[in-house]
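Inspection log for the structure reproduced underneath, given as structure tokens.
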């Protein structure tokens with residue numbers, strides 16, 4: 001479904017933010033890109049989505065989605081892809097919503113922009129998606145402003161919007177980092193249910209190796225813009241090849257004597 005070969009991204013004349021990045025993804029797979037701040041992981045998904053800042057440029061490599069190159073395509077083609085074939089969940093979905101407009105108005109407008117339906121049909125679709133995220137009193141949420149919802153509820157709204165058209169690829173940029181532990185677990189659970197229901201491929205960018213180990217089929221560990229470890233979850237967790245990955249694994253807290261990564265393997 002998605003293939004990235006030898007991708008290099010550079011901002012101006014600075015040292016490349018990412019170099020020689022490779023990824024191969026099948027439909028329905030979950031891949032986590034793990035690394036500390038500044039490792040280049042967010043740049044990867046921005047490049048996939050064609051949403052690099054103005055100064056950012058792909059200077060080498062190839063990105064292919066469903067057999068078609070994503071490099072150099074026209075903005076009209078991007079408009080068709082984003083929100084339908086591929087979609088994005090941000091670190092703070094509330095920050096992407098207009099604080100001066102009710103959620104319902106924004107959601108209905110989004111649906112009408114990407115499909116030929118009436119406002120009434122769009123409203124019903126929006127409520128249905130919010131219900132799938134197990135949000136309470138969804139019609140009331142549609143009448144609410146973003147600031148009237150908790151962080152976890154705003155994040156669920158963001159996921160609902162991202163999944164409206166059952167995209168084949170979901171890109172998630174630190175979707176749980178601003179949330180408490182309980183809400184993190186709920187969001188992760190909802191994302192996995194969506195994968196199981198729609199066979200959606202998910203690329204999640206995170207600094208939390210524990211969450212990555214729990215969710216993922218494959219793991220990619222980045223440092224200073226380069227991949228230092230890559231493989232299946234079991235390969236990276238049980239047989240890390242870099243000292244950096246080993247340090248990340250050792251930093252994961254233990255739960256009742258077992259590391260979170262070990263529990264993730266048992267639960268899966």
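In UniProt numbering, the protein residues as written are 1 to 268. A virtual CB, placed ideally from N, CA and C, is assigned to each residue, including glycine.
Item, Value
"Reduced DSSP category for residue 117 - H, G, I as helix; E, B as strand; rest coil", "coil"
"Cross-strand partners of residue 21 (DSSP beta bridge)", "7"
"Residue 1: first and last residue of the uninterrupted alpha helix (DSSP H) it sits in", "Taken as a continuous stretch (DSSP letters only), residue 1 belongs to no alpha helix (DSSP H), as it is neither H nor E."
"Buried versus exposed call for residue 173 [16 or more other C-beta atoms within 10 Å across all chains shown]", "buried"
"Limits of the beta strand (DSSP E) - the one that residue 230 falls within", "226-232"
"Exposure of residue 154, with buried meaning 16 or more beta-carbon neighbours within 10 Å", "buried"
"Helix, strand or coil at residue 178 according to DSSP, with G and I counted as helix", "coil"
"Exposed unless 16 or more other CB atoms sit within 10 angstroms - verdict on residue 100", "exposed"
"Sub-8 angstroms separation of residue 23 and residue 202 beta-carbons", "no"
"Validate contact between the segment 203-214 and the segment 29-37 using beta carbons, cut 8 angstroms, 3 pairs", "yes"
"Euclidean distance between Cα positions of residue 168 and residue 191", "13 angstroms"
"Closest Cα partner of residue 49 within the set 222, 2 and 14", "2"
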